[in-house]
Amino acid sequence: MASPAPSCTVPRNRSPLLRRARDAFAALFPLDPGLTSGPLAARAPWLLWLLVAFSVTWQFRGAHAGQLLGLDAQSLWLAAEAAVRGESPFSTSFPFVYLPSSALLAWPFGLGSNDVLKGVFLLLTGVGIPLAAALSVRLVGMSARSWLAALLALATTLTLPGQYAYSLLNFMIVALVMLPFVLAQMRAVQWTSCGVLVGVSIAVKPMLVPLGWFALIDRRWRALAVMAGIPLVLSLLALALLPEPDRFFTEVLPWLLQGEDETLWPYLSALLPVGLVQGWPLAVVNAVRLGVAALGLVLATLLWRRTADQTLRVVESTGLLLAASFLAFSAATPTYLLLLLPLLASSVRAGAIAANPVAWVGVLVAAAPGFPGDDWGTAGISRRVAVGLLVAFLAWSWSAMTRLRAAGDTHAKEAVAPAS
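Position 113, counted from 1, in the sequence shown is what this note's numbering calls 1306; the numbers after and before it change by one each time, with no gaps.
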C-alpha cells in the first residue's frame, strides 16, 4: 500500500523579534477575562474598520477645506525655517508656543516646504487617532479589534476633538499615542521606561506634565528625574544652539502660563480664556479654576492610593488630573479631550467613575461635531467645550467621592467587626 504523500504545508516561522514584541505587548496590555464576551467585546467586522478609514480620509478632505488647516504646523515650520536661516524661532509672525526642544526637533522640516510638514502631520494624525483609541480599549482589558475599539476610533475621528486635531496639525498626536503605553507601564510598575516616554513626550509637546505628580507621590525619584531631565537637556541644547534664547522666556513662556495672546483666546477651551472672551468676572473664573485644580489633585491622589483595581487606579487618577489641568490652565484646545480616551474606555469596567451618565452628557456636549451656529474659532465652540468638560469633571469627581466613601465605610466596618 502506497504511503500517503507528504504534506505540503509549510510551518509558519515567526521572527523571534516579532514574537518577543508580541509577547511583550501582551504582557503590558493583558486581556481581562471578564471583558472577552458581550456585544462590545466581539470582534468588529472589517467593514466597520473600513468605515473608520473612510472617515479618516473624509477628515483629510475636510481639513483641506477648513480655515485652520495646519495652524500649529505652520507655527512649527516658521520656527524651523527661521532656525535654518540662523534667526530666532521665537521671532516668527505666528507665536511659537512649544518648548525649545520642539524647535530643535522640528528643525529638519525647515529645510523643506510647509506642505511637507503638513503632510507628515496629516499622516501621523490619521494613523494616530484610531490607534490611540484601539490602544485605550486594550489598556482597560478589551481586545483592540473589538466593536468598542472600532466605535471609539470612529467617534474620535468624527467628533469635534478629532476635527480640530486634523485642522490644527500639531505634536499632540505624539502624547496621544504614548499615553496608553505610559499608563500600562505605570500599572506594571515599570517606572523608568515610563519616565522615558513621558520625558520624550514633554520634550515634543508638554501635555503629559501632570503625570509627574504620580511619580512624586509614589517616590519614584529616578522616573521623576528622567521625566524632567529629557526635556530639560534637549531644551538647554536648543537654547544653546538657537539665537536669541531669551525670547523664549520673555515671549513664549508667558503665553504658555497665562494665555495672554488675545488673538488666540477664541480657539482655547480652558476656563480662563473662555471666561475672558465671555466677559465673566475674573475673580469668579479664577476661583473656579483654583477649585477645579485642587479637587482634581486631591481626588487623583486618593484614587491612586485607595483603588484596588490596578487598571482603574492608573486610568482614573491620571484622567481626572488631566481633565482638571485642561480646565484650570490656559492653553487647552478641544484636541486635549482626546487624551481622556483611556478614561472614557474604562467605563466598561465594573465600578468605573467614567460610567456616570451625567458625565457622558457633558462629554457629548463638549465633543459633539457641531451645533447650530458653530464655526471654527468662534467663542461658542470653546464655551460649550469648557462647560461640557466641567460638567463631566464634576460628575466624575462625584462618582469618585462616592466610591471612596463607600470603600472607607466598608473598611471601617471590617475594622470594628468582632472576631469570629
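Just so it is clear, CB atoms sit at the ideal spot from N, CA and C, and this is done for glycine as well. Being a predicted model, the structure only gives us computed values, none of them experimental.
Asked: Secondary structure at R1542, three-state DSSP: helix, strand or coil?; Found: coil
Asked: Going by Cα to Cα distance, which pick from G1334, F1522, A1545 is closest to D1225?; Found: G1334
Asked: Rounded to whole angstroms, what's the CA-CA distance from L1211 to A1217? Just pull it up for me.; Found: 10 Å
Asked: When you compare only the Cα positions, how much space is there between L1372 and L1446?; Found: 25 Å
Asked: Can you tell which of V1467, T1349, S1428 has its C-alpha closest to the C-alpha of V1397?; Found: S1428
Asked: Could you round the C-beta distance between L1492 and L1513 to whole angstroms and report it? I think they count as a contact, below 8 Å.; Found: 6 Å
Asked: Compare the beta carbon distance of R1577 and A1521 with 9 Å and say whether it is the shorter of the two.; Found: no
Asked: Distance check for Y1529 and Y1357, CA to CA, integer angstroms please.; Found: 10 Å
Asked: Can the beta-carbon of P1436 be found less than 9 Å from the beta-carbon of G1279?; Found: yes
Asked: Let me check understanding here. Comparing Cα to Cα, which of L1324, G1319, S1336, V1507 lies closest to L1361?; Found: G1319
Asked: How far does the alpha helix (DSSP H) with M1365 in it reach, from first residue to last?; Found: 1365-1380
Asked: With a threshold of 6 Å on Cβ separation, who are the neighbours of T1500 within its own chain once the five nearest residues in sequence on each side are excluded?; Found: R1506
Asked: Considering just the uninterrupted stretch of the alpha helix (DSSP H) at S1394, what are its terminal residues?; Found: 1384-1397
Asked: If you check the beta carbons only, do S1592 and P1466 fall under 9 Å apart?; Found: no
Asked: Nearest to Q1503 by CA position, among A1543, A1348, V1584, P1562, is which residue?; Found: A1543
Asked: May I have the straight-line CA-CA distance separating G1312 from V1478, to the nearest angstrom?; Found: 39 Å
Asked: What does a CB cutoff of less than 6 Å around R1331 pick up in its chain, not counting 5 residues either side in sequence?; Found: F1222, A1337
Asked: Please work out which residues of its chain come closer than 7 Å, Cβ to Cβ, to V1393, disregarding the five sequence neighbours upstream and downstream, and give them in chain order.; Found: I1423
Asked: Which of helix, strand or coil does DSSP assign to S1518?; Found: helix
Asked: Could you tell me which whole alpha helix (DSSP H) segments of length 4 or greater appear in the region 1275-1304?; Found: 1293-1299
Asked: Alpha carbons only, please: which of A1560, S1523, T1511 is nearest the one belonging to S1590?; Found: T1511
Asked: Checking the sheet assignment: what are the DSSP bridge partners for S1339?; Found: R1236
Asked: Could you check the C-alpha separation between V1554 and R1596 for me, to the nearest Å?; Found: 20 Å
Asked: How long is the line joining the alpha carbons of S1135 and A1377, rounded to whole angstroms?; Found: For residue 1135 there is no data in the structure shown, the boundaries of the chain being 1194 and 1613.
Asked: Apart from the five residues on each side of it in sequence, which residues of its chain come closer than 6 Å, Cβ to Cβ, to G1489?; Found: L1513, L1514, A1517
Asked: Under the three-state reduction of DSSP, which class applies to L1406: helix, strand or coil?; Found: The amino acid occupying residue 1406 in the given sequence is Trp; Leu does not appear at that position. Note: W1406 maps to helix in three-state DSSP.
Asked: Would you decide whether D1439 is buried or exposed? Buried here means 16 or more other CB atoms lie within 10 Å of its CB.; Found: exposed
Asked: DSSP three-state label for W1473, please.; Found: coil
Asked: Would you call the CB atoms of L1390 and G1405 closer than 9 Å?; Found: no
Asked: Out of curiosity, what's the CA-to-CA distance linking L1381 and A1346?; Found: According to the sequence as given, residue 1381 is Ala; it is not Leu. One C-alpha to the other measures close to 25 Å.
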